[in-house]
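Be aware that the sequence shown starts at 1, since it is given in the UniProt record's numbering, and climbs by one per residue.
Backbone N, C-alpha and C fix where the C-beta goes; we use that ideal spot for every residue, glycine too.
Below you'll find the structure, written out as structure tokens, and then a few comments.
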Amino acid sequence: MNGAQWAGLIAALMVAANLVCLSIAFVRLRRKQAPSRLQKQAPPVTIVRPVRGIETFSRETLTSGLELDYPQYETIFCVADGHDPIVPLIEELIATYGADRVRLIVGDVAVSANPKLNNCVKGWEAARHDWVILADSNVLMPKDYVQRLMASWREDTGLVCSTPAGSRPGCFGAEVECAFLNTFQARWQYAGEALGFGFAQGKSMLWNKPFLDANGGIAALAAEIAEDAAATKLVRKAGKHVHLVGQPFEQPLGPRSLRDVIQRQFRWARLRRVTFLPFFAPEILVGPLVPAVLAAIGAPAFGFPAWLGVLAVLALWYAGEIVLARSVGWFVNWRTPLAYLARDLAFPGIWAYAFVAREVSWRGNAMKIKADGEDELNQAVPALSAVNMRSDGRP
Numbered sequence: 001m002n003g004a005q006w007a008g009l010i011a012a013l014m015v016a017a018n019l020v021c022l023s024i025a026f027v028r029l030r031r032k033q034a035p036s037r038l039q040k041q042a043p044p045v046t047i048v049r050p051v052r053g054i055e056t057f058s059r060e061t062l063t064s065g066l067e068l069d070y071p072q073y074e075t076i077f078c079v080a081d082g083h084d085p086i087v088p089l090i091e092e093l094i095a096t097y098g099a100d101r102v103r104l105i106v107g108d109v110a111v112s113a114n115p116k117l118n119n120c121v122k123g124w125e126a127a128r129h130d131w132v133i134l135a136d137s138n139v140l141m142p143k144d145y146v147q148r149l150m151a152s153w154r155e156d157t158g159l160v161c162s163t164p165a166g167s168r169p170g171c172f173g174a175e176v177e178c179a180f181l182n183t184f185q186a187r188w189q190y191a192g193e194a195l196g197f198g199f200a201q202g203k204s205m206l207w208n209k210p211f212l213d214a215n216g217g218i219a220a221l222a223a224e225i226a227e228d229a230a231a232t233k234l235v236r237k238a239g240k241h242v243h244l245v246g247q248p249f250e251q252p253l254g255p256r257s258l259r260d261v262i263q264r265q266f267r268w269a270r271l272r273r274v275t276f277l278p279f280f281a282p283e284i285l286v287g288p289l290v291p292a293v294l295a296a297i298g299a300p301a302f303g304f305p306a307w308l309g310v311l312a313v314l315a316l317w318y319a320g321e322i323v324l325a326r327s328v329g330w331f332v333n334w335r336t337p338l339a340y341l342a343r344d345l346a347f348p349g350i351w352a353y354a355f356v357a358r359e360v361s362w363r364g365n366a367m368k369i370k371a372d373g374e375d376e377l378n379q380a381v382p383a384l385s386a387v388n389m390r391s392d393g394r395p
């Protein structure tokens, strides 16, 4: 075969590999889970939720975590600034659901350059129970939220988590974010876990508090700029595994500008690049760009116009994603193929940017990341040591 024919063959193999990955994710997401021993025990749980600012669905998502069908749990909201606009809503929820079930803790502890992790430290230390869930404020919790997390806990588990499933987009930009969150990121994460490569995701994380405290406490998650990357490495080092919930929990999006969506992807890509470079580097191959280019080169060698080769790749690629999304209840509408296309046109630039950027932004907080993957923690060392002492039970 000549070079053009080889290009066409490789394009076909890449499309086939993508369809296999979609099939693996489909099987994993549709698999029924038997109740785990932990789920049957139903131990008391503390839910720690860092909050900052008012979002489109703040009332709905925060209230959802206070109306769970679970026998015994407490919720701790953590806010860095007592003047944050979210505080009145939290105080209203405390008045409605009772101070015995809901608490607000103000003030963070600078253990890292990660503001979300800093915001969780006091909540972790104040948790009354041995099972703690760290959950983002924009996670929409179903009634069986805790049970679904516990259902995935096994004897070899060190952490159970959930990726976000983007839902209720309010504009095309948010639909592009759904395309990133669902059939791109969540799909690959579920396929990877099914093959034994489970990675943590910081949206919802179920921890056994004694286990994490014995391995450095919550401050140990400052070892990486992204707490979920640090969690993955900590769990693996302890000889345990990261497992995912049977189905990811919703993150309702509302209206989002395309610029903000791309900025978030820049940040997440940069964090993946500095924390898991061997896994991040091949990400450029997981989209349809490379096989589409190869198909354009190879199609004439088989008697077809180049544009038809590109169209065939995109049609098969996106048809597979739409089938998966529909089968598991993820967002799909008539613009979804256009959202997929926008995602895949933007991703090569996002991937390349991750290799040169030195600073990302998280809700207005500039986070400088060194090329070797270490965040700037010099100013946080005293606080880090103090939290470690508390976690170890010493004065």
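Where the alpha helix (DSSP H) containing residue i begins and where it ends
i	result
residue 211	209 to 214
residue 272	258 to 275
residue 234	227 to 237
residue 187	187 to 194
residue 285	Taken as a continuous stretch (DSSP letters only), residue 285 belongs to no alpha helix (DSSP H), as it is neither H nor E.
residue 339	336 to 353
residue 197	Run containing residue 197: none; DSSP gives neither H nor E here.
residue 33	Residue 33 -> no alpha helix (DSSP H), and no H or E assigned at all.
residue 172	172 to 179
residue 125	115 to 126
residue 146	145 to 151
Spatial distance of residue i from residue j (CA atoms)
i	j	result
residue 126	residue 153	24 Å
residue 343	residue 41	43 Å
residue 242	residue 271	19 Å
residue 72	residue 47	11 Å
residue 371	residue 274	Any reading at residue 371 is ruled out, since the residue's pLDDT is 48, under 50, leaving its predicted position unreliable.
residue 38	residue 77	25 Å
residue 158	residue 23	27 Å
residue 18	residue 349	21 Å
residue 70	residue 29	24 Å
residue 276	residue 229	8 Å
residue 268	residue 320	25 Å
residue 306	residue 296	4 Å
residue 140	residue 292	37 Å
residue 315	residue 130	49 Å
residue 373	residue 357	Unreliable positioning characterises residue 373 in this predicted model, as indicated by a pLDDT of 40, which lies under 50. The coordinate reading is nonetheless provided below. Residue 373 and residue 357: Cα-Cα distance of roughly 12 Å.
residue 338	residue 21	22 Å
residue 145	residue 172	29 Å
residue 232	residue 303	48 Å
residue 310	residue 318	12 Å
residue 115	residue 206	20 Å
residue 11	residue 284	14 Å
residue 224	residue 211	19 Å
residue 133	residue 88	23 Å
residue 168	residue 182	13 Å
residue 5	residue 299	8 Å
residue 53	residue 84	6 Å
residue 213	residue 61	28 Å
Cβ pair residue i, residue j closer than 7 Å
i	j	result
residue 80	residue 100	no
residue 86	residue 104	no
residue 170	residue 35	no
residue 8	residue 312	no
residue 186	residue 253	no
residue 248	residue 327	no
residue 82	residue 106	yes
residue 191	residue 25	yes
Residues bridged to residue i [DSSP beta-bridge criterion]
i	result
residue 242	159
residue 135	204
residue 251	166
residue 89	Per DSSP, none; premise fails for residue 89.
residue 140	250
Where the beta strand (DSSP E) containing residue i begins and where it ends
i	result
residue 103	102 to 106
Interface flag, residue i vs chain D, CB-CB below 7 Å
i	result
residue 90	The question asks about chain D, but that chain is absent: this structure has only one protein chain.
- [ ] Jot down the residue ranges of each uninterrupted beta strand (DSSP E) in the segment 36 to 82, minimum 3 residues, whole runs only, in chain order.
- [x] Correct list: 45 to 50, 73 to 79.
Task: Uninterrupted alpha helix (DSSP H) stretches inside the segment 287 to 335 (no shorter than 4 residues) - done: 289 to 298, 306 to 328
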